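Per the working numbering, the very first residue in the sequence shown carries number 640; after that it's consecutive. Just so it is clear, CB atoms sit at the ideal spot from N, CA and C, and this is done for glycine as well. None of these values were measured; they are calculated from a predicted model.
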Amino acid sequence: MSDRPSDMGIWSAQEVRETTRRLASLREAALCGGRTAAAPRAVICESWRRALDRGVDPDRDVRERPLTVEELEHRRHSSRLASLLPLFNSGLLPAADAAQQIMVVTDAEGRVLWREGCAPVRRMADRHGFDKGADWTEEIVGTNAIGTALVARRPVLVHSAEHFVRTHHQWTCAAAPLHDPRDGRLLGIVDVSGPASTFHPSTLSLVSAVARLAESELRERHHGALDRLRASAAPVLARLGGQALAVDKDGWTAAVTGLAPPDRVALPKSPEAGPLWLPRYGMCTLEPLPGGWLIRVGAPQGEEPRASRVLLDLGSRARPAVTVTGPAGSWTHELSPRHAEVLFVLARRPEGRSAADLAQDLFGDRARTVTVRAELSRLRRHLASVLAHRPYRFADGVDVELRLPPSPVDLLPHSTAPAVLAARHA
């Protein structure tokens, strides 16, 4: 199904008014639980249902307190999207200005970090609280391109009365998610918004194309940085005996010697040179390299320490993550949707689960044990020190904390695993 209303090929003033009335009648029927001959697009219908479940007011704006200036600047400086602003400005701003629209970039939590474009439209946006630092997620403002793209994880157009909140019906917006090409982590959203009467049906395609171009730019920068680190590390690794890795500052592997190369090593947020305990390798020694670190694997002496605590965080709007705390500090590993489901089940069932049990928990089919074992094998590459098997469980002596979202309906919202669905409705 198209991501824009099928009758919006030519956006004349009359068609905009007619389409707005038609969408408004669909919305009213949905709010009242009624039935109509036509139906809203699936992405809109699902978003309306979420807004109703969360108690969003359908008739007026609800404003959350915006970020402070200090917090806004901190998020801007720490965002990987900051370096892409020139690309967004050149790719989107000319078209946005010509169409009397604005360009907006948010972080992965739906907070507006940057907003540029037509001055009169910026003033209109101010009246809706659509300003820098604002929270533009579905649970605050209902169905909108930014918040709905955050949930759907794909480009979304929301036109006029497809917005859940009535005061937004004069707007149309097109948004696309931006992902880190290294690991698929959601970085934020790029959006073009403005009055419904000035919107062009090609805007969603333009926003989507610029988002893909931005992700390609990040990928090329990453590969170039690893190539430079690999060149610096090659003579060092050639002289070493034993096992060692050269990784960039985020733990992505550039080169190895003496062991199979992992994609990434979980490093502390602020690593320092010297002895270091890593979840995958145990005790190691960290030495600086230009653009990264040299990791010498192996405990110099004594018994290898073990992890003592695991925090499984499924409660934030960002990607699920697990934080492992050991004797030398804490390390955070972001989880794929499937791995988040696996660890959720294991955290809820500390006695452990067999492969068949997990197949039932994840797929509703006890026969899918091969898939389960493959997923656990991949997961143990990162968390071998805290996961045991026969049965699969968290290792003895590890304190496990499970952090869940405030509302059960927000638990791993994309998951269809039977164990997760049961927990949402418990």
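Item: Opposing strand residues paired with Trp775 [DSSP bridges]; Value: Bridge partners of Trp775: none, in fact.
Item: Cβ neighbour criterion (16 or more within 10 Å) applied to Ser1054; Value: buried
Item: Test item: CB-CB of Leu1043 and Leu953 under 8 Å; Value: yes
Item: Nearest-angstrom beta carbon gap, Arg761 and Ile779 [assumed within contact, 8 Å]; Value: Incorrect: roughly 20 Å between the Cβ atoms, too far for contact.
Item: Of the residues Trp932, Pro900 and Asp819, the one placed nearest Gly913, counting alpha carbons only; Value: Trp932
Item: Cβ distance (whole Å) where Arg719 is taken to contact Leu826 below 8 Å; Value: 6 Å
Item: Where Ala1065 falls: helix, strand or coil (DSSP); Value: coil
Item: Alpha helix (DSSP H) runs contained entirely in the segment 695 to 770, provided each spans 4 or more residues; Value: 708 to 717, 724 to 737 and 758 to 766
Item: Ala1056: CB within 7 Å of a non-hydrogen atom of the ligand SAM; Value: The ligand SAM is not part of the structure shown, which contains no ligands of any sort.
Item: Close Cβ partners of Pro1052 (< 7 Å) along its chain, the five nearest in sequence each way excluded; Value: Val790
Item: Pair within 8 Å by beta-carbon distance, Leu1018 and His978; Value: yes
Item: Beta-carbon proximity of Arg869 to Ala885, cut-off 8 Å; Value: yes
Item: Minimum C-alpha distance to Arg948 - residue among Arg935, Arg958, Thr962 and Val936; Value: Thr962
Item: Backbone CA spacing between Ala877 and Ala899 [nearest angstrom]; Value: 16 Å
Item: Spatial distance of Thr896 from Ala883 (CA atoms); Value: 5 Å
Item: Beta-carbon separation (whole angstroms), Val846 vs Leu732, contact threshold 8 Å; Value: 12 Å between Cβ atoms; not a contact.
Item: Beta-carbon contacts of Ala773 that lie in its chain and below 6 Å, excluding the five residues immediately before and after; Value: Pro705 and Val751
Item: Inter-stretch contact (C-beta, 8 Å, three-pair minimum) for the segment 794 to 804 and the segment 824 to 843; Value: yes
Item: With 16 other Cβ atoms within 10 Å as the buried cut-off, status of Pro759; Value: exposed
Item: C-beta neighbour in chain B for Gln882, strict 8 Å; Value: Absent here is chain B; the protein component of the structure consists of one chain.
Item: Residue interval of the beta strand (DSSP E) (run including Trp932); Value: Gly931 to Val936
Item: Cα-Cα separation, Thr806 to Asp1049; Value: 25 Å
Item: Distance between Ala800 and Cys812 (C-alpha atoms, nearest Å); Value: 12 Å
Item: Opening and closing residue of the beta strand (DSSP E) in which Glu990 lies; Value: Neither: Glu990 is in no beta strand (DSSP E) and is coded neither H nor E.
Item: Identified DSSP bridge partners for Ala1027; Value: Arg1032
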